[in-house]
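Below you'll find the structure, written out as C-alpha cells, and then a few comments.
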Amino acid sequence: MDDISITILPETEEDGEAIERLNERTFGPGRYAKTAYRLRERVPHRLDVSFTARVGTLLVGSVRLTPILIGESNALLLGPLTVEPAFRERGVGQTLIARALKEAAAKGERLVILVGDEPYYGKSGFRRIPPGRLIMPGPVDPDRLLFAALVPGAFEGVTGRVRPARPAEDQLLG
Numbered sequence: 001m002d003d004i005s006i007t008i009l010p011e012t013e014e015d016g017e018a019i020e021r022l023n024e025r026t027f028g029p030g031r032y033a034k035t036a037y038r039l040r041e042r043v044p045h046r047l048d049v050s051f052t053a054r055v056g057t058l059l060v061g062s063v064r065l066t067p068i069l070i071g072e073s074n075a076l077l078l079g080p081l082t083v084e085p086a087f088r089e090r091g092v093g094q095t096l097i098a099r100a101l102k103e104a105a106a107k108g109e110r111l112v113i114l115v116g117d118e119p120y121y122g123k124s125g126f127r128r129i130p131p132g133r134l135i136m137p138g139p140v141d142p143d144r145l146l147f148a149a150l151v152p153g154a155f156e157g158v159t160g161r162v163r164p165a166r167p168a169e170d171q172l173l174g
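Take the sequence shown: its letters are residues 1 to 174, numbered as in the working numbering.
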C-alpha cells in the first residue's frame, strides 16, 4: 500500500455512523435500490468479520460481511466494500477483503458471495457463479454474481434462493 500507513481494525458499534457517511459519499442514495442492499437491510452484518481501514484516526475504508442462506447452506455476503476516493488504487480495498476473508475462514465460515466486478474481486479469489445456481431476491447481472470458497469444495452442491440468515446472538451488530 503505497506511501501511506493504513491500519486495519475490526469494526466496532461506534464506527457505524462514520461508515454510513462513507457509504453515502461513495455510493449515494442509489445504493438502497440494489439487490445486495435489500439482503443486508434485513439482518445485521457481523462485527466479528467486518473491518475498517484508517489513516491515523481517519476512516478511509470499510468492508462488511452479512450472514445469508443459499437454499439451506450458510454463507456470507460481502459488502459494501467502500474506500474514500482519495485512497483508492492504493490496495486498501484488497487489504480489507483479505482480512475479512481470513477472519471468516478462521471462524469456520466456508463460503462468501458478492455482487461485483470479477476483474477486481478475482484478485481476492472470487469467481463467477455459474448461471442458474442462485436465485437472488431482485435483479442482478449474472456476470457480477461471484463466490469465494474459503475451504476447498465449499460451493459444491450449493444452489437455491438467497435470503438473509440470522447470526448467533453474540455476533449481532448492536
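Every residue, glycine too, gets a C-beta built ideally from N, C-alpha and C.
Please identify the residue among Asp48, Asn23, Thr82, Pro44 whose C-alpha is closest to the C-alpha of Gly108. Start at 1 with the first residue of the sequence shown, and residue 108 comes out as number 108. Among Asp48, Asn23, Thr82, Pro44, the Cα nearest to that of Gly108 belongs to Asp48.
Runs of alpha helix (DSSP H) lying entirely within the segment 28-103, each at least 4 residues, in chain order: 35-40
Would you kindly work out how many angstroms separate the C-alpha atoms of Leu172 and Glu118, rounded to a whole number? Counting from 1 along the sequence shown, the entry for residue 172 is found at position 172. Counting from 1 along the sequence shown, the entry for residue 118 is found at position 118. Its pLDDT being 45, under 50, Leu172 is placed unreliably by the model, and the measurement read from it follows with that caveat. Distance between the alpha carbons of Leu172 and Glu118 is about 29 Å.
Kindly list the residues whose CB is nearer than 8 Å to the CB of Phe51, restricted to its own chain and excluding five residues on each side of it in sequence; keep chain order. Your numbering for residue 51 matches position 51 in the sequence shown. So the qualifying residues of the chain are Ile8, Leu9, Pro10, Glu11, Ser62, Val63, Leu96, Arg99, Ala100, Glu103.
Through-space distance from Leu39 to Pro131, alpha-carbon basis: Translated into the one-based positions of the sequence shown, residue 131 becomes position 131. Translated into the one-based positions of the sequence shown, residue 39 becomes position 39. Going from the Cα of Pro131 to the Cα of Leu39 covers about 20 Å.
Taking a contact to mean a Cβ-Cβ separation below 8 Å, would you say Leu78 touches Val112 in this structure? Counting from one through the sequence shown, the residue named residue 78 turns up at place 78. Counting from one through the sequence shown, the residue named residue 112 turns up at place 112. Inclusion of Leu78 and Val112 in the CB contact set at 8 Å is warranted, their separation being smaller than that value.
Using a Cβ-Cβ cutoff of less than 6 Å, which residues in the same chain neighbour Gly125 once the five nearest sequence positions on both sides are dropped? Here residue 125 refers to the residue found at position 125 of the sequence shown. Excluding positions up to five away in sequence, the list reads Ala148.
Report the rounded CA-to-CA distance for Ile19 versus Leu59, giving the unit in angstroms. Position 19 of the sequence shown, counted from the start, is the residue given in the question as residue 19. Position 59 of the sequence shown, counted from the start, is the residue given in the question as residue 59. Going from the Cα of Ile19 to the Cα of Leu59 covers about 8 Å.
Whose CA, out of Arg25, Thr26, His45, lies closest to the CA of Glu13? Translated into positions along the sequence shown, residue 13 becomes position 13. Nearest option by C-alpha distance: His45.
Coarse secondary structure for Arg110, derived from DSSP in three states: By 1-based counting over the sequence shown, the position of residue 110 is 110. Three-state DSSP puts Arg110 in coil, outside helix and strand.
6 Å CB neighbourhood of Glu84 in its chain, flanking five on each side removed: Sequence index remark: in the sequence shown, residue 84 carries index 84 (1-based). Excluding residues within five positions, the ones whose Cβ falls inside 6 Å are Val60.
Residues near Leu114 by beta carbon distance below 6 Å, same chain, minus five either side: The residue you call residue 114 lines up with position 114 of the sequence shown. Closer than 6 Å at Cβ, skipping near neighbours: Leu78, Gly79, Leu146.
Identify every residue that forms a DSSP beta bridge with Val115. Translated into positions along the sequence shown, residue 115 becomes position 115. Note: Val115 sits in a beta bridge opposite Leu145.
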